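Heads up, the sequence shown is in my numbering, so the first residue is 1 and it goes up one at a time. Even for Gly, the Cβ is constructed at its ideal location relative to N, Cα and C. Quick caveat, the model's predicted, so the values are computed rather than measured. As structure tokens, the structure follows; a few thoughts come after it.
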Amino acid sequence: MEGFRYLDGVASLRFSEAACTGCGMCEQVCPHRVFAVARGKARILDKDLCMECGSCATNCPAGAISVRPGVGCATAIMKGWLSGSEEKT
Ligand code: SF4
Ligand code: SF4
């Protein structure tokens with residue numbers, strides 16, 4: 001899954017640097033390595049890698065992350081239907 005991208009610019013991921021305490025949980029739990037923590041703050045490396053699983057927001061103790069889980073997955077499936085790469089059931 002690493003490196004898998006969905007549509008550019010559509011991920012609902014939001015991050016507040018001001019609220020971030022730099023605990024590193026988002027970096028640990030993200031399956032796509034969207035976040036990196038350095039000098040006490042997280043930052044988003046590539047928002048378009050986000051699959052909107054919600055793990056980062058669920059595990060952020062500071063409430064610095066929000067995301068609408070599942071939106072990206074649905075978008076990816078629809079994109080697959082349109083391009084013919086996703087089998088319809
Ligand atoms: S989990 Fe939240 S508080 Fe911790 S580094 Fe990530 S954004 Fe910052
Ligand atoms: S929602 Fe999931 S894929 Fe997206 S940044 Fe958070 S942990 Fe990573």
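- Mind pulling the beta strand (DSSP E) runs of 3 or more residues that sit fully within the region 7 to 76? 35 to 38, 41 to 44, all fully within the region 7 to 76.
- Message: Determine whether the beta carbon atoms of LYS47 and VAL34 lie at a separation below 8 Å.
- Response: As a working note, residue 47 is residue 47 in the sequence shown. As a working note, residue 34 is residue 34 in the sequence shown. In this structure, VAL34 lies closer than 8 Å to LYS47 by Cβ.
- Item | C-alpha gap between GLU17 and ARG43, whole angstroms | Locating residue 17 in the sequence shown gives position 17, counting from the first residue. Locating residue 43 in the sequence shown gives position 43, counting from the first residue. Going by the C-alpha atoms only, they are around 7 Å apart.
- Message: Suppose the cutoff is 7 Å on Cβ atoms and the five residues either side in sequence are ignored; what does the same chain contact list for ARG68 look like?
- Response: Translated into the one-based positions of the sequence shown, residue 68 becomes position 68. Excluding positions up to five away in sequence, the list reads SER12, GLU52.
- Task: Measure the C-alpha to C-alpha separation of CYS23 and VAL10 and round it to an integer number of angstroms.
- Result: Position 23 of the sequence shown, counting from 1, holds the residue named residue 23. Position 10 of the sequence shown, counting from 1, holds the residue named residue 10. The C-alpha of VAL10 is placed about 27 Å away from the C-alpha of CYS23.
- Message: Among ILE65, ALA19, THR58, whose alpha-carbon lies nearest the alpha-carbon of GLY40?
- Response: Taking the first residue of the sequence shown as position 1, residue 40 is located at position 40. Distance from the Cα of GLY40 is smallest, within the candidate group ILE65, ALA19, THR58, for ALA19.
- Write down the C-beta distance between SER55 and CYS30 rounded to the nearest angstrom, noting that I regard them as a contact closer than 8 Å. Taking the sequence shown and counting its residues from 1, the one referred to as residue 55 is at position 55. Taking the sequence shown and counting its residues from 1, the one referred to as residue 30 is at position 30. The beta carbons of SER55 and CYS30 sit about 6 Å from each other, so the pair counts as a contact at 8 Å.
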